[in-house]
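Asker:
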Amino acid sequence: MAQGKTMKIIMLVVIVCVLLAVLLAWKKPHWLPAGVAPTQKFPQAVSIDISDQPTMGDKNAPIQVVSFEDFKCVNCRFFDLQLLPWLVKEYVKTGQASYTAISVSFLPNSMQAAVASRCIYKQDPQQFFVFADLLFHNQGDEMSNWANTAKLLQWSSQIKGISHDQFSTCLMNPQMVTEIIDNTQQGVDIMGGSLSTPAVYINGVLVRPLTQQHIKETIQYIRKQKEGV
Numbered sequence: 010m011a012q013g014k015t016m017k018i019i020m021l022v023v024i025v026c027v028l029l030a031v032l033l034a035w036k037k038p039h040w041l042p043a044g045v046a047p048t049q050k051f052p053q054a055v056s057i058d059i060s061d062q063p064t065m066g067d068k069n070a071p072i073q074v075v076s077f078e079d080f081k082c083v084n085c086r087f088f089d090l091q092l093l094p095w096l097v098k099e100y101v102k103t104g105q106a107s108y109t110a111i112s113v114s115f116l117p118n119s120m121q122a123a124v125a126s127r128c129i130y131k132q133d134p135q136q137f138f139v140f141a142d143l144l145f146h147n148q149g150d151e152m153s154n155w156a157n158t159a160k161l162l163q164w165s166s167q168i169k170g171i172s173h174d175q176f177s178t179c180l181m182n183p184q185m186v187t188e189i190i191d192n193t194q195q196g197v198d199i200m201g202g203s204l205s206t207p208a209v210y211i212n213g214v215l216v217r218p219l220t221q222q223h224i225k226e227t228i229q230y231i232r233k234q235k236e237g238v
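Quick note, the working numbering runs 9 ahead of the 1-based positions in the sequence shown.
Below you can see the structure in the form of structure tokens.
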């Protein structure tokens, strides 16, 4: 009797081991050669129109980083204040990459901030980044109208070389709203109909999750692709 129970237990253990082996074999990526470890799967690259968008660094650099951001987005603030300075220091200032920022508006009362950034860009393209940094440093609650006209006029006066009158007139220009709507629509289109910010692309490849490590890994992946590795 005891021997029969022992045999049943042994058979159950064998069956479980076989099932686990089959499951592991099924889960293993079959496209990998023997002995090659799986690597991160990167999204397919998309085409992004960066014409007439604020860009820092060499526009002909082999690595092109593009972000879609809403100034009221909390995670966008984290990217701009925490990750972007590192990215600029490591890759843009060394000539390895360019960085383009595309302002969008889909959060409540964020259009004015996006338009204001566009107005600064029209006067002085490089001052866009100074103004964007100022907006993110002064970002309020996502649901409050912290980027109102009075505040935007006040903050614009802190940007060197910007005409107050020209900026004030630009804020009322409907063409600026149209340009932000176009930016937003481009983001919606390349993201498959659902806009999410911050969305950072490197040579068209979306970086997810958005961390220093994944930015590095994506750049390495792009370089290997260019080298045909």
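Glycine is no exception: its CB is placed at the ideal position from the N, C-alpha and C atoms.
Among ARG86, ASN84, ALA208, ASP67, whose alpha-carbon lies nearest the alpha-carbon of TYR108?
Answerer: It is ASP67 whose Cα lies nearest to the Cα of TYR108.
Asker: Going by C-alpha to C-alpha distance, which of MET181, HIS223, GLN136 sits closest to ASN157?
Answerer: Answer by Cα proximity: MET181.
Asker: So for ALA156, helix, strand or coil by DSSP?
Answerer: DSSP places ALA156 in coil when its eight states are reduced to three.
Asker: When DSSP labels each residue in this structure, what does VAL214 get in the three-state scheme?
Answerer: It is a strand residue.
Asker: Which first and last residues belong to the alpha helix (DSSP H) in which ILE190 is found?
Answerer: ILE190 -> alpha helix (DSSP H) spans 183 to 199.
Asker: Could you give the uninterrupted runs of the beta strand (DSSP E) lying entirely in the stretch 62 to 136, keeping only those of 3 residues or more?
Answerer: Complete beta strand (DSSP E) runs here, min 3: 72 to 78, 106 to 112.
Asker: When the distance is taken between beta carbons, is PHE88 closer than 9 Å to GLN148?
Answerer: It is not a contact, given that the beta carbons lie outside the stated cut-off.
Asker: Let's test the definition: count the other Cβ atoms within 10 Å of the Cβ of SER166 and tell me whether it reaches 16, buried, or not, exposed.
Answerer: Burial call: exposed.
Asker: If you draw a straight line from the alpha carbon of ASP142 to that of LEU90, how long is it in whole angstroms?
Answerer: Those two C-alpha atoms are separated by around 7 Å.
Asker: Output the boundary residues of the alpha helix (DSSP H) element that contains SER177.
Answerer: First-last of the alpha helix (DSSP H) with SER177: 173 to 180.
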